[in-house]
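For the working numbering, count along the sequence shown from 1 and bump the result up by 78. By construction, the Cβ of each residue, glycine as well, lies at the ideal position given by its N, Cα and C atoms. Small disclaimer: the values here were computed from a predicted structure and weren't measured.
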Amino acid sequence: MDYYRDEALGKAIAGEKRAMYFFVPMRGAMKNRLLTFQDIVTRYRRGENLFDITIEKWAGIKDSFHSLEQMSELGPIIKSARSGGAFCLEYQESCLICPLERWCKDQEGTYQTIVKLMYLYASSGQKEFKNQTLKHIEKFLEELEEYKEEFRRRLN
């Protein structure tokens, strides 16, 4: 996804309060689990830890995906997964120096794999794609936690 050509993202970064990246209708199992892009922007501006924001975003995606009751609930989850994150705000047009670059830019990387599996599940409804998606998200969350600790050690 090209975040740099996204007008709403640019407005959010520039501080236009009316900018919203997408609307996430919250129902049932998804309520209060998915972070909107505006939530991420707000927390970024407050100076919250980028890893913490990212981990919370993906934990919410995982929980929402796991507890899907209807296929119609999948759209907001995919939108949340595809939206920019805290690191995108911090590194904007400098992906090569972003700590998460290895996960999101590689076409065979973790992020791209998760999104592809979500779309496969959306189009087929096959439980195996759902299980694979959850497995990859869990792996991504574990790697994020490890990388966060590694970063913390480097700073000390």
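Reduced DSSP category for residue i - H, G, I as helix; E, B as strand; rest coil
i: Leu-113; result: coil
i: Glu-221; result: helix
i: Asp-184; result: coil
i: Leu-178; result: coil
i: Glu-171; result: coil
i: Asn-209; result: helix
i: Ser-158; result: helix
i: Arg-124; result: coil
i: Arg-105; result: For Arg-105, the predicted model reports a pLDDT of 49, less than 50, meaning its position is unreliable; a value from the coordinates is still stated below. Arg-105: coil per DSSP, three-state reduction.
i: Gln-190; result: helix
i: Leu-146; result: coil
i: Gly-153; result: helix
i: Gly-163; result: coil
Own chain partners of residue i with C-beta closer than 7 Å, once the 5 adjacent residues on each side are dropped
i: Ala-159; result: Ile-139, Ile-192, Val-193 and Met-196
i: Glu-179; result: Cys-173
i: Gly-203; result: Met-149
i: Lys-226; result: Phe-129
i: Ala-137; result: Leu-219
i: Asp-141; result: Arg-111
i: Tyr-169; result: Ile-175 and Cys-176
i: Phe-207; result: Leu-195, Leu-198 and Tyr-199
Same chain only: Cβ atoms within 8 Å of residue i, ignoring 5 sequence neighbours per side
i: Asp-184; result: Gln-190
i: Lys-217; result: Thr-188
i: His-214; result: Thr-188, Thr-191, Ile-192 and Leu-195
i: Glu-224; result: none
i: Tyr-122; result: Leu-128, Ile-131, Ala-164, Leu-167 and Glu-168
C-beta atoms of residue i and residue j nearer than 8 Å
i: Thr-211; j: Tyr-199; result: yes
i: Phe-115; j: Ser-161; result: yes
i: Ile-155; j: Leu-112; result: yes
i: Leu-233; j: Thr-132; result: no
i: Leu-152; j: Val-119; result: no
i: Lys-135; j: Gly-163; result: yes
Close-in-space but distant-in-sequence residues of the same chain around residue i (CB under 6 Å, 5 per side omitted)
i: Phe-229; result: none
i: Trp-181; result: Gly-187, Thr-188 and Tyr-189
Check: residue i C-beta below 7 Å from any heavy atom of the ligand ADP
i: Phe-218; result: The ligand ADP is not part of this structure, which contains no ligands at all.
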